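Novice: Number 122 in our numbering belongs to position 123 of the sequence shown; there are no gaps in the numbering. Note that beta-carbon positions come from the ideal geometry of N, C-alpha and C, so glycine has one too. The structure displayed is predicted, hence computed values, not measured ones.
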Amino acid sequence: MTRKLDNTSNMTTVDTSAGTAARAQQELGQSIDDLTKTPASDAFRFTELEKKILELWDKIEDLRLERHVLEAQHEAQSSQDEDLSALSDAEVQTALSQAERDLLTARSTYSIRQNIIQNVLITDPILKSIHLSSNTTSLERRLLPLVHERDVLTMLSSTLYSRLRKLRQKFYKLETKNIEIIESNRSISKRMLELANDVKIRKIEDVTDERARKQLEDLDAEVRRAAKEWRVWKSVAGAVVVASGIDWAEDPELLEIVMDEEDEMESL
Numbered sequence: 000m001t002r003k004l005d006n007t008s009n010m011t012t013v014d015t016s017a018g019t020a021a022r023a024q025q026e027l028g029q030s031i032d033d034l035t036k037t038p039a040s041d042a043f044r045f046t047e048l049e050k051k052i053l054e055l056w057d058k059i060e061d062l063r064l065e066r067h068v069l070e071a072q073h074e075a076q077s078s079q080d081e082d083l084s085a086l087s088d089a090e091v092q093t094a095l096s097q098a099e100r101d102l103l104t105a106r107s108t109y110s111i112r113q114n115i116i117q118n119v120l121i122t123d124p125i126l127k128s129i130h131l132s133s134n135t136t137s138l139e140r141r142l143l144p145l146v147h148e149r150d151v152l153t154m155l156s157s158t159l160y161s162r163l164r165k166l167r168q169k170f171y172k173l174e175t176k177n178i179e180i181i182e183s184n185r186s187i188s189k190r191m192l193e194l195a196n197d198v199k200i201r202k203i204e205d206v207t208d209e210r211a212r213k214q215l216e217d218l219d220a221e222v223r224r225a226a227k228e229w230r231v232w233k234s235v236a237g238a239v240v241v242a243s244g245i246d247w248a249e250d251p252e253l254l255e256i257v258m259d260e261e262d263e264m265e266s267l
């Protein structure tokens, strides 16, 4: 009865915690939605001329990348003085590996160069939009609301990451505590099994009639054999449930099949 009350209390606590967590998650979701609904970015539209300029810029970048790749391939081919047909398989593989490394080096060098150029091109208009002056153009003024929203989203991302990190730390602590509780329960269960076994032995030894004692010993052995056989089949059933992928922790009947510490005490 006490165990049922404890379970009911635990279930009530879990339900309350789950409800609180759900409400907090809902409120957090609403606040995130409010912050991510950026009217300036939603209202911002490129003109046809700006779209055309950006498309041409992307094409130019693609052509530059293709040119660098072709130059790297040409350099790799020109550096090979020997005929590939005269090389062994190992030498051909070495040459191919070197060519791949050269290609990766060229791509990485190009990517770094382009990132630097883009950062320089982006930084200057942003600074001018933040520090408004008479030299600030209308295009640069259009960036200011977007810059503010970018800063808000950056702070939001940092806040969410901090919360996620704290939740992970809390989860790891609870997981460690859960492992410690499981080990403690195992030790307690083992001790209770030993005490229960001692009680059984004493009860049998207290019987003075040899025939009755022999019958009790046979019955005890039969019970142990049946309990072990039942345990084997129950373990098989529990393994099948776990391997099936079903959320057995939410089903009381499946949970009873998988979690069997108390059953071990009763069967031995």
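Does DSSP put T108 in a helix, a strand or coil?
Specialist: Position 109 of the sequence shown, counting from 1, holds the residue named residue 108. In this structure, T108 counts as helix in the three-state DSSP scheme.
Novice: Can you grab the Cα-Cα spacing for the pair K127 / K165, in whole Å?
Specialist: Taking the sequence shown and counting its residues from 1, the one referred to as residue 127 is at position 128. Taking the sequence shown and counting its residues from 1, the one referred to as residue 165 is at position 166. Taking the straight line joining both Cα atoms gives about 38 Å.
Novice: Step through the CB atoms of chain D and report whether any lies within less than 8 Å of the CB of D101.
Specialist: Among the chains of the structure shown, chain D does not appear; only one protein chain is present.
Novice: Assign N177 to one of three DSSP states: helix, strand, or coil.
Specialist: Here residue 177 is taken as the residue at index 178 of the sequence shown, counted from 1. Three-state result, N177: helix.
Novice: Measure the alpha-carbon distance for I129 versus R149 and round it to whole angstroms.
Specialist: Here residue 129 corresponds to residue number 130 of the sequence shown, with the count starting at 1. Here residue 149 corresponds to residue number 150 of the sequence shown, with the count starting at 1. Rounded to whole angstroms, I129 to R149 spans 13 Å at the Cα level.
Novice: Grouping DSSP H, G and I as helix and E and B as strand, with all else coil, what is H73?
Specialist: Within the sequence shown, residue 73 is the residue found at index 74, counting from 1. If DSSP states are grouped into helix, strand and coil, H73 belongs with the helices.
Novice: Going along the chain, which residues of its own chain have a beta-carbon closer than 8 Å to the beta-carbon of V135, five neighbours each way excluded?
Specialist: Numbered from its first residue, the sequence shown carries residue 135 at position 136. Residue 135 is actually Thr in this sequence, not Val. Only K127, S128 meet the Cβ criterion.
Novice: Classify N184 as helix, strand or coil using the three-state DSSP reduction.
Specialist: Here residue 184 corresponds to residue number 185 of the sequence shown, with the count starting at 1. In this structure, N184 counts as helix in the three-state DSSP scheme.
Novice: On the three-state DSSP scale, how would you describe A248?
Specialist: Against the sequence shown, residue 248 aligns to sequence position 249. DSSP places A248 in helix when its eight states are reduced to three.
Novice: Taking C-alpha atoms, which residue in L102, T46, R44 lies nearest to R66?
Specialist: In the sequence shown, counting from the first residue as 1, residue 66 sits at position 67. Residue L102 is the option with its Cα nearest to R66.
Novice: Between V240 and the rest of its own chain, which residues show a CB-CB distance below 7 Å, the 5 nearest in sequence each way excluded?
Specialist: Within the sequence shown, the letter at position 241 stands for residue 240. The answer, listed in chain order, is W247, L253, I256, V257.
Novice: Can you give me the Cβ contacts of E179 inside the same chain, cut-off strictly under 8 Å, excluding the 5 residues immediately before and after it?
Specialist: In the sequence shown, the residue the question calls residue 179 occupies position 180. Same-chain partners within the cutoff: there are none.
Novice: Look at the Cβ atom of A105, then the Cβ atom of V146, and state whether they are nearer than 8 Å.
Specialist: As a working mapping, residue 105 is identified with position 106 in the sequence shown. As a working mapping, residue 146 is identified with position 147 in the sequence shown. No, Cβ-Cβ distance for A105 and V146 is not below 8 Å.
Novice: Can you tell me the Cα-Cα spacing of L95 and E74, whole angstroms?
Specialist: For the purposes of this step, residue 95 is identified with residue 96 of the sequence shown, where counting begins at 1. For the purposes of this step, residue 74 is identified with residue 75 of the sequence shown, where counting begins at 1. Taking the straight line joining both Cα atoms gives about 13 Å.
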